[in-house]
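Enquirer:
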Amino acid sequence: MHIPDGFIAPQVYLPAYGVAGVAWSWALRRVRSLLREETIPRLAVLTALSFVLMSVMIPLPGGTSAHATGVALLALAFGVQTAFLAVSLVLLVQALVLGAGGVTALPLNALAIGLAGGLAARASYRILRPAGEAVALIAAGWVSINLAALILAVVLGIQPLVAHDPSGRPLFFPFGLAVTIPAMAGIHAVVGIGEGLLTLLVWRAGKRRGWFGP
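The sequence shown begins at 1 in this note's numbering and counts up by one.
1. Enumerate in chain order the residues of its own chain whose CB-to-CB distance from V90 is below 7 Å, with the five nearest sequence positions on each side excluded.
2. What is the rounded straight-line gap between the Cα of A9 and the Cα of V162?
3. Closest by CA to I58, which one among V12, M184, V19 and A116?
4. Are there 16 or more other CB atoms within 10 angstroms of the CB of Q11, so buried, or fewer, so exposed?
5. Among G186, R126, I127 and L14, which one has its Cα closest to the Cα of H67?
6. Name the two residues that bound the continuous alpha helix (DSSP H) containing E38.
7. Just to confirm, is the Cβ distance from A75 to A139 under 7 Å?
8. Following the continuous alpha helix (DSSP H) through T180, name the residue where it begins and the one where it ends.
9. By DSSP, does P166 sit in helix, in strand, or in coil?
10. Across which residues does DSSP place I8 in a beta bridge pair?
11. What residue does the alpha helix (DSSP H) around T64 start on, and which one ends it?
12. The alpha helix (DSSP H) that contains A123, what's its start and end?
13. For T69, I'd like the list of residues in its chain whose CB is within less than 8 Å of its CB, leaving aside the five on either flank, ordered along the chain.
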């Protein structure tokens, strides 16, 4: 799902850095006021899990990939702001150390996976909680990863329209929406099932240890 360096035009990633900068500042202020010392080890464990999940990638056409994220667990356990910062840290480390994703694509990856994915997970869980905890947790995992994948597919797919030479040849990512959306949506619909089941299993295990919720 990561967008690598070189795929996004500057007229897209530079404004994205501005938006992400505001979002990071907002999230950091909220986390400072909400995060307690006793929750830090749990947050570290789930952030490490997210790092592992996002490091196991299924290559997709065009140079992107499919993978689980763990963002639903982070958002449900610690809130959207904390999940956004944790996922942003994971993406930064992967970009700098593993070469997965990229520095220019960091704000777009973080906004899609960490912020939009976290918001989608929380909203899905709240809406579907009356149908049962298991249903709500699986849906939170599935929706979080699929919304993020859709957003990034759209971002990639508009690059030929945003940046091209006088002859119309794309300067960055060459494939349009007709390619990117099916390529990203199909595989993530399947990966999302695994993400949902993992969210359920880890949440249940955490609850037995008193980590999450009542």
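Note that beta-carbon positions come from the ideal geometry of N, C-alpha and C, so glycine has one too.
Expert: Concretely, from the data shown:
1. T47, S50, F51 and M54
2. 7 Å
3. M184
4. exposed
5. G186
6. Careful: E38 lies outside any alpha helix (DSSP H) and carries neither H nor E.
7. no
8. L177 to R208
9. coil
10. Its beta-bridge partners do not exist; DSSP assigns none.
11. Premise fails: T64 is in no alpha helix (DSSP H) and is neither H nor E.
12. G117 to L128
13. M1, S50, L53, M54, V87, I113, G117, S144, I145, A148 and E195
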